[in-house]
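Some notes on the structure that comes next.
Residue numbers (my numbering): -2 to 155.
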């Protein structure tokens, strides 16, 4: 069980929908965190992620965000903002993640902080490659994720 979990969410065979997974992969390449931090390719697991993150204290989800915003724009949600974000989600894995977060709130060991970050995708249709505009955002968002996780690690080590 890790105290800090980073989960890249998305479907890599749906072009930009795989953004979260690609960010998690990139983050794994540029970091060497202690054992209490885990970076997970959550794919489209939804509720099936529960065993991997049960007991975690800080959770960062990275996703392609189907929101009313310009393509490629970065967004981050936490606290009450998460309810509004997930309310309008239509993909199966995002609904599953929302359900999982609701169930984890009821456990003896609830997550203390959840952050969802990502960008608005350009194309979500069958294909293995992300669009150039969204692929270029992977290092930028992975760096933002790293900064947040670094902050959490520093708090944990106090």
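Idealized CB from N, CA, C, for every residue including glycine.
Q.
When you compare the CB positions of residue 114 and residue 141, do they come within less than 8 angstroms of one another, or not?
A. Yes, the Cβ-Cβ distance between residue 114 and residue 141 is below 8 angstroms.
Q | Minimum length 3: unbroken beta strand (DSSP E) runs contained in the segment 88 to 148 | A | If we require 3 residues or more, the beta strand (DSSP E) runs fully inside the segment 88 to 148 come out as 110 to 116.
Q) Are the Cβ atoms of residue 97 and residue 13 separated by less than 8 angstroms? A) Going by beta carbons, residue 97 and residue 13 fall outside the 8 angstroms limit.
Q) Going by other Cβ atoms of all chains shown within 10 Å of its Cβ, with 16 needed for buried, is residue 57 buried or exposed? A) Of the residues assessed, residue 57 falls on the buried side of the cut-off, its CB having 16 or more other CB atoms within 10 angstroms.
Q | Opening and closing residue of the beta strand (DSSP E) in which residue 71 lies | A | From DSSP, the beta strand (DSSP E) with residue 71 extends over 71 to 75.
Q.
Just verifying my parser: in three-state terms, what is the DSSP assignment at residue 42?
A. Coil.
**Q.** Range of the contiguous alpha helix (DSSP H) that encloses residue 26
**A.** For residue 26, the enclosing alpha helix (DSSP H) covers residues 16 to 27.
Q: Have a look at residue 132 and residue 44 and give me their C-alpha separation to the nearest angstrom.
A: Cα atoms of residue 132 and residue 44: separation of roughly 27 angstroms, rounded to the nearest angstrom.
Q | Same chain, Cβ closer than 7 angstroms to residue 28, neighbours up to 5 away in sequence not counted | A | Cβ within range, chain order: 143.
(Q) Report the CB separation of residue 47 from residue 4 in whole angstroms; it is logged as a contact under 8 angstroms. (A) Actually they are not in contact, since the Cβ atoms of residue 47 and residue 4 sit about 11 angstroms apart, beyond 8 angstroms.
Q) Would a C-beta distance cut-off of 8 angstroms place residue 124 and residue 61 closer than the cut-off? A) Going by C-beta atoms, residue 124 is not nearer than 8 angstroms to residue 61.
Q | Nearest-angstrom Cβ-Cβ length linking residue 69 and residue 119, presumed shorter than 8 angstroms | A | Right, the Cβ-Cβ distance comes to about 7 angstroms (below 8 angstroms), so this counts as a contact.
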